[in-house]
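Colleague:
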Amino acid sequence: MSARFNHTIIAAKNKDESAAFFRDILELAQAPSWGVFSNLSCEDGVLLQFAEPPVEAIQMQHYAFLVDDELFDRAYARLVERGIEHAADPFFKRTGEINFGHDGRGVYFYDPAGHGIEMITRPYL
Numbered sequence: 156m157s158a159r160f161n162h163t164i165i166a167a168k169n170k171d172e173s174a175a176f177f178r179d180i181l182e183l184a185q186a187p188s189w190g191v192f193s194n195l196s197c198e199d200g201v202l203l204q205f206a207e208p209p210v211e212a213i214q215m216q217h218y219a220f221l222v223d224d225e226l227f228d229r230a231y232a233r234l235v236e237r238g239i240e241h242a243a244d245p246f247f248k249r250t251g252e253i254n255f256g257h258d259g260r261g262v263y264f265y266d267p268a269g270h271g272i273e274m275i276t277r278p279y280l
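So the sequence shown is numbered by my numbering: it starts at 156 and just counts up by one.
1) Compute the beta-carbon to beta-carbon distance between Val201 and His162, rounded to the nearest angstrom, for a pair I have assumed lies under 8 angstroms.
2) Can you tell me whether DSSP reads Ala212 as helix, strand or coil?
3) Rounded to whole angstroms, what's the CA-CA distance from Phe220 to Arg178? Just pull it up for me.
4) Kindly indicate which three-state DSSP category Ala175 falls into: helix, strand or coil?
5) Which residue wins for smallest C-alpha separation from His270, given the options Leu226, Asn254, Pro245, His257?
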């Protein structure tokens, strides 16, 4: 077997709040949780583990999710309905918009812990 991405830990101010945010916006599946983790499973089997690190400030990370057009429509509608600030670009110069890069659509927003989230409908490569 070649190397495949299996899981990552996402630092959260509140692990359950962050997991619920990702579950609701991106329609991710709840996975069994253990220890300090609240877990979600992506369709491809990648596990997202949310944990509260023992630090004052969480360093922002960037997480990009490839979704189909139908999920993009539903997720984007939830962002708008909930008043979640979003933009067509990672620097938030085009707020309230989406982009049409790579023959698809994309949008940037932040999760409850301040991580930069990107949702795209076409891969870059």
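Beta carbons are placed, not taken as given, at the ideal position from N, Cα and C, and that holds for glycine.
Nothing here was measured: the structure is a model prediction, and the numbers come from that model.
Modeller: Looking at the coordinates:
1) Taking the Cβ atoms as the reference, Val201 lies roughly 6 angstroms from His162, within the contact range of under 8 angstroms.
2) Reduced to three states, the DSSP call for Ala212 is coil.
3) Near 13 angstroms, if we compare the C-alpha coordinates of Arg178 and Phe220.
4) Reduced to three states, the DSSP call for Ala175 is helix.
5) Taking only the C-alpha atoms, the option nearest His270 is Pro245.
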